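A.B. asks: One structure follows; several queries about it will come next.
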Amino acid sequence: MNKLPGLKKSFENAKIVWLTTFNEEGDEIDRQMTNYNEDPYSEMWFPTWTETRKVRHIQNNPKSYITFPSEEENKFFRIQGKTRIADEKTTYEKWKWWYLTWIPGDGSKYGLTGTHGWDSRTILLFNPEIALKMDKV
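Using the numbering used here, the letters of the sequence shown correspond one by one to residues 54 to 190.
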C-alpha cells in the first residue's frame with residue numbers, strides 16, 4: 054500500500070475508525086469500530102458478531118473502507134481494501150474475554166468460558182490496498 058505523510062500517526066491515535074461496507078444495492082454503509090490495530094499498512098482486525106449486516110455485506114462483497122481523522126483539521130484518511138471473515142482458529146486466538154463484558158446490565162451473558170459462546174463471534178480481517186487523504190467526509 055502507498056505511504057502517506059501523517060497516516061501512521063493518525064491511525065495510531067484513532068481509537069475509533071469507520072468501517073464502510075456495501076449493501077446489496079451497492080450503497081455505502083458506515084459504522085464505528087473500536088480500533089485495536091497499530092499499523093495501517095498491515096492486515097487489520099475487528100471483533101464482531103456473526104449475525105450482523107456488516108458480515109453479510111462482506112460475504113457478498115469484500116470491498117470495504119477504513120476511515121479515520123487526520124491530525125490535520127478537517128482532513129481524513131481513507132484506506133480502501135478488502136475484508137474477509139476469519140476462520141475459527143483466528144477468532145479464538147484474537148478474541149479477548151472482556152470485549153463485550155462491559156455492556157451495562159448484560160455483561161455476564163456475553164462472557165466466554167472455554168469454547169462456550171464462540172459460534173456467535175468472529176473477527177473481520179481487513180487487507181489494505183490504497184490510502185487516500187480526503188477533505189471532510
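In this text, a Cβ means the ideal position worked out from N, Cα and C, and glycines have one as well. Just so it is clear, the structure is predicted and the values come from calculations on it, not from any experiment.
With a CB to CB cut of under 8 Å and the five nearest residues on each side skipped, what residues in its chain are close to Lys61?
C.D. replies: Position 8 of the sequence shown, counted from the start, is the residue given in the question as residue 61. Hits under 8 Å: Asp92, Pro93, Tyr94.
A.B. asks: Excluding the five sequence neighbours on either side, which residues of its own chain have a C-beta within less than 7 Å of the C-beta of Gln85, listed in chain order?
C.D. replies: The sequence position of residue 85 within the sequence shown is 32, counting from 1. Excluding residues within five positions, the ones whose Cβ falls inside 7 Å are Ile69, Trp71.
A.B. asks: According to the neighbour-count rule (16 or more other Cβ atoms, all chains shown, within 10 Å of its Cβ), is Ile82 buried or exposed?
C.D. replies: Within the sequence shown, residue 82 is the residue found at index 29, counting from 1. Exposed.
A.B. asks: Does the separation of the CB atoms of Arg137 and Ala184 fall below 9 Å?
C.D. replies: Locating residue 137 in the sequence shown gives position 84, counting from the first residue. Locating residue 184 in the sequence shown gives position 131, counting from the first residue. Not in contact: Arg137 and Ala184 (Cβ atoms no closer than 9 Å).
A.B. asks: Could you tell me whether the Cβ atoms of Glu182 and Lys135 are closer together than 9 Å?
C.D. replies: If you number the sequence shown from 1, residue 182 lands on position 129. If you number the sequence shown from 1, residue 135 lands on position 82. Yes, they are a contact pair.
A.B. asks: Quick check on Lys189: buried or exposed, where buried means 16 or more other Cβ atoms within 10 Å of its Cβ?
C.D. replies: Taking the first residue of the sequence shown as position 1, residue 189 is located at position 136. Exposed, since its Cβ has fewer than 16 Cβ neighbours within 10 Å.
A.B. asks: Let's see if you can read the secondary structure: which residues bound the beta strand (DSSP E) around Asn180?
C.D. replies: In the sequence shown, counting from the first residue as 1, residue 180 sits at position 127. Residues 174-188.
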